[in-house]
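K.L.:
Numbering-wise (the UniProt record's numbering), the sequence shown opens with residue 1 and increments by one.
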Amino acid sequence: MESMSRKSALKAKPELGQAETSSRPIALLQWYDRHRRRLPWRAMPGETPDPYRVWLSEIMLQQTTVKAVVPYFEKFVARWPDVTALGNASQDDVLRMWAGLGYYSRARNLYACAVAVTREHGGVFPDTEEGLRALPGIGPYTAAAIAAIAFDRHTMPVDGNIERVVSRLFAVEEELPQAKPLIQQLAATLLANSRAGDSAQALMDLGASICTPKKPACALCPFTEDCTARAQGTQDTFPRKAPKKSGTLRRGAAFVVIRGDELLVRSRPEKGLLGGMTEVPGSDWLAGHDDATAKQQAPELKGLSRWQRQVGVVTHVFTHFPLELVVYTAKAEARTRAPAGMRWVPIATLADEALPNVMRKVIAHALDLSTAPPS
Ligand code: SF4
Numbered sequence: 001m002e003s004m005s006r007k008s009a010l011k012a013k014p015e016l017g018q019a020e021t022s023s024r025p026i027a028l029l030q031w032y033d034r035h036r037r038r039l040p041w042r043a044m045p046g047e048t049p050d051p052y053r054v055w056l057s058e059i060m061l062q063q064t065t066v067k068a069v070v071p072y073f074e075k076f077v078a079r080w081p082d083v084t085a086l087g088n089a090s091q092d093d094v095l096r097m098w099a100g101l102g103y104y105s106r107a108r109n110l111y112a113c114a115v116a117v118t119r120e121h122g123g124v125f126p127d128t129e130e131g132l133r134a135l136p137g138i139g140p141y142t143a144a145a146i147a148a149i150a151f152d153r154h155t156m157p158v159d160g161n162i163e164r165v166v167s168r169l170f171a172v173e174e175e176l177p178q179a180k181p182l183i184q185q186l187a188a189t190l191l192a193n194s195r196a197g198d199s200a201q202a203l204m205d206l207g208a209s210i211c212t213p214k215k216p217a218c219a220l221c222p223f224t225e226d227c228t229a230r231a232q233g234t235q236d237t238f239p240r241k242a243p244k245k246s247g248t249l250r251r252g253a254a255f256v257v258i259r260g261d262e263l264l265v266r267s268r269p270e271k272g273l274l275g276g277m278t279e280v281p282g283s284d285w286l287a288g289h290d291d292a293t294a295k296q297q298a299p300e301l302k303g304l305s306r307w308q309r310q311v312g313v314v315t316h317v318f319t320h321f322p323l324e325l326v327v328y329t330a331k332a333e334a335r336t337r338a339p340a341g342m343r344w345v346p347i348a349t350l351a352d353e354a355l356p357n358v359m360r361k362v363i364a365h366a367l368d369l370s371t372a373p374p375s
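Now the structure itself:
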């Protein structure tokens, strides 16, 4: 079987035999009926999918693993069993419940979407890709996934798992992301005439459990006789990708101020990275920042002990850049007032704050070290 560039794929498509084009979707569904994953948001055979659960899971799964998502999904549906309940919640509660799942703009969009469905659509999700895309936080992939899975629309959502399966099955030589339209087109050939949602979920499951990034279990794959990359022995080399550019390292300082059993925090601006989340005061995060400049941005409080620079740094990797933070700690006297825009929170209730992972690391770093004898 020949590998496929965009041009050859488009040319080759009409040459595929009828039996070949139609047998793949059937083989895929037969495999799914035997091996589907049991997931808390997934309808079992005979059940009607719940668009709220499908939508919630798809938003949570963006750039996050199933394993990480399951406990969050269960907490969310226990507290807010339908979209109207979520749409009537407060954004702060939603952000707090989301804390630790990362990519916080998703949580804000999730809430905005629940509000829109509740107020503008009477608590009922639109059932077309177009209608879904008009909602906050729903891009083309998520709209296609919800339309297929919740409403059985004839469309194939293409995520990273599906890209991998399809690029191997057809040996797509074009690099990502340029290859996306071609992969989308080829993925659509795997849709069965009915059960579109199951076709999509089958391909997602195949990518997650069989056609894995390393050492795919080709012997167990429904496409094993039919896969170009397998025939070539080149599975591990797909999908082809342009070399990744990693972001420039940014540096900054975090200031952990302790007043008795309380900690000084503030909320980040609503817009931008980690928008609306809780943080300890800190400097800007800049490439080429040095310690002395960063320290000039320490909060000013009356009756503060000297800043202690903690040994080591806290590192964190965001999507577009790695970050390195120096951590300073200081103790404030009882009744010291918080500077404007900041507040004291009990250390014992920090778990209830919408703290992003990077701040959890900073606080853990500071508190562990500050349990040493006080200065
Ligand atoms: S045969 Fe192997 S490489 Fe091809 S689609 Fe199946 S698991 Fe992936």
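By construction, the Cβ of each residue, glycine as well, lies at the ideal position given by its N, Cα and C atoms. It should be emphasised that the depicted structure is a prediction, and the values quoted were computed from it without experimental measurement.
#1: Quick check: does the Cβ of V186 come within less than 7 Å of any heavy atom belonging to ligand 1?
#2: Which first and last residues belong to the alpha helix (DSSP H) in which I210 is found?
#3: Compare the C-alpha of T293 against each of F318, V326, E262, M277 and name the closest.
#4: Using the C-alpha atoms, what's the distance from D290 back to Q310?
#5: Return the CA-CA distance between Q18 and T189, expressed in angstroms with no decimal places.
#6: I'd like to know if the stretch 248-267 and the stretch 180-197 are in contact, where contact means that at least 3 CB-CB pairs between them fall below 8 Å.
#7: Please go through the same chain and pick out, in chain order, the residues whose beta-carbon is closer than 6 Å to the beta-carbon of residue 429, but skip the five residues on each side of it.
#8: Is T64 near ligand 1, judged by its Cβ being under 7 Å from some heavy atom?
#9: Between which two residues does the beta strand (DSSP E) carrying K215 extend?
#10: Expressed to the nearest angstrom, what Euclidean distance is found between the alpha-carbon atoms of Q308 and G102?
#11: Taking 6 Å as the limit, tell me which residues put their C-beta closer than that to any heavy atom of ligand 1, in chain order.
#12: Measuring CB atoms only, is the stretch 86-103 touching the stretch 126-141, in the sense that at least three cross pairs come out at less than 8 Å?
#13: What is the rounded straight-line gap between the Cα of G233 and the Cα of P40?
#14: Terminal residues of the continuous alpha helix (DSSP H) containing F73?
#15: Let's see if you can read the secondary structure: which residues bound the alpha helix (DSSP H) around T293?
#16: Are L217 and V362 close, meaning C-beta to C-beta below 8 Å?
#17: Residues in the same chain with beta-carbon distance under 6 Å from A27, minus the five sequence neighbours each way, listed in chain order, please.
#18: Going by DSSP in three states, M156 sits in which element: helix, strand or coil?
#19: Expressed to the nearest angstrom, what Euclidean distance is found between the alpha-carbon atoms of T142 and L301?
#20: Within this structure, are the beta carbons of L274 and P356 separated by less than 8 Å?
#21: By alpha-carbon positions, which one of E173, M204, Q185 ends up nearest to I162?
P.N.:
A quick look at the data gives this:
#1: Along the sequence shown, one-based indexing puts residue 186 at 186. Note on residue identity: the sequence assigns Leu, not Val, to residue 186. In this structure, L186 has its CB at a distance of at least 7 Å from all heavy atoms of ligand 1.
#2: Locating residue 210 in the sequence shown gives position 210, counting from the first residue. I210 -> no alpha helix (DSSP H), and no H or E assigned at all.
#3: Here residue 293 refers to the residue found at position 293 of the sequence shown. Closest option to T293, Cα to Cα, is V326.
#4: Reading the sequence shown from its first residue, position 310 is the one you call residue 310. Reading the sequence shown from its first residue, position 290 is the one you call residue 290. Roughly 16 Å between the two C-alpha positions.
#5: Your numbering for residue 18 matches position 18 in the sequence shown. Your numbering for residue 189 matches position 189 in the sequence shown. Any reading at Q18 needs caution, since the residue's pLDDT is 42, under 50, leaving its predicted position unreliable; the model's value is listed next. Taken atom to atom, the span from the alpha-carbon of Q18 to that of T189 is near 11 Å.
#6: No, the stretch 248-267 is not in contact with the stretch 180-197.
#7: With the chain covering only 1 through 375, there is no way to say anything about residue 429.
#8: As a first step, residue 64 is located in the sequence shown; it is residue number 64 there, counting from the start. No, since every heavy atom of ligand 1 falls outside the 7 Å radius drawn around the Cβ of T64.
#9: Reading the sequence shown from its first residue, position 215 is the one you call residue 215. First-last for K215: undefined, no H or E at that position.
#10: Here residue 308 corresponds to residue number 308 of the sequence shown, with the count starting at 1. Here residue 102 corresponds to residue number 102 of the sequence shown, with the count starting at 1. As the crow flies, the alpha-carbon of Q308 is around 29 Å from that of G102.
#11: Environment of ligand 1, chain-ordered: V165, R168, L169, I210, C211, P216, C218, C221, F223, T224, C227, A229, R230, Q235, taking every residue with Cβ within less than 6 Å of a heavy atom.
#12: Judged by Cβ distances under 8 Å, the stretch 86-103 makes no contact with the stretch 126-141, as fewer than three pairs qualify.
#13: On the sequence shown, residue 233 is found 233 positions in, with the first residue counted as 1. On the sequence shown, residue 40 is found 40 positions in, with the first residue counted as 1. Going from the Cα of G233 to the Cα of P40 covers about 36 Å.
#14: Sequence index remark: in the sequence shown, residue 73 carries index 73 (1-based). It spans 66-79 - the alpha helix (DSSP H) in which F73 sits, taken as one unbroken run.
#15: The residue you call residue 293 lines up with position 293 of the sequence shown. Taken as a continuous stretch (DSSP letters only), the alpha helix (DSSP H) holding T293 covers 291-295.
#16: What you label residue 217 is simply residue 217 of the sequence shown in a count that begins at 1. What you label residue 362 is simply residue 362 of the sequence shown in a count that begins at 1. The sequence given here places Ala at residue 217; Leu does not occur at that position. The answer is no: Cβ separation not under 8 Å.
#17: Mapped onto the sequence shown, residue 27 falls at position 27. Residues P222 of the same chain have their beta carbon placed closer than 6 Å to that of A27, with the five preceding and five following residues left out of the count.
#18: Sequence index remark: in the sequence shown, residue 156 carries index 156 (1-based). DSSP places M156 outside both helix and strand once states are collapsed to three, so it counts as coil.
#19: Sequence index remark: in the sequence shown, residue 142 carries index 142 (1-based). Sequence index remark: in the sequence shown, residue 301 carries index 301 (1-based). When only Cα atoms are considered, T142 and L301 end up about 47 Å apart.
#20: If you number the sequence shown from 1, residue 274 lands on position 274. If you number the sequence shown from 1, residue 356 lands on position 356. Yes, these two residues count as a Cβ contact at 8 Å.
#21: Here residue 162 is taken as the residue at index 162 of the sequence shown, counted from 1. Looking at the Cα atoms, M204 is the closest of the given residues.
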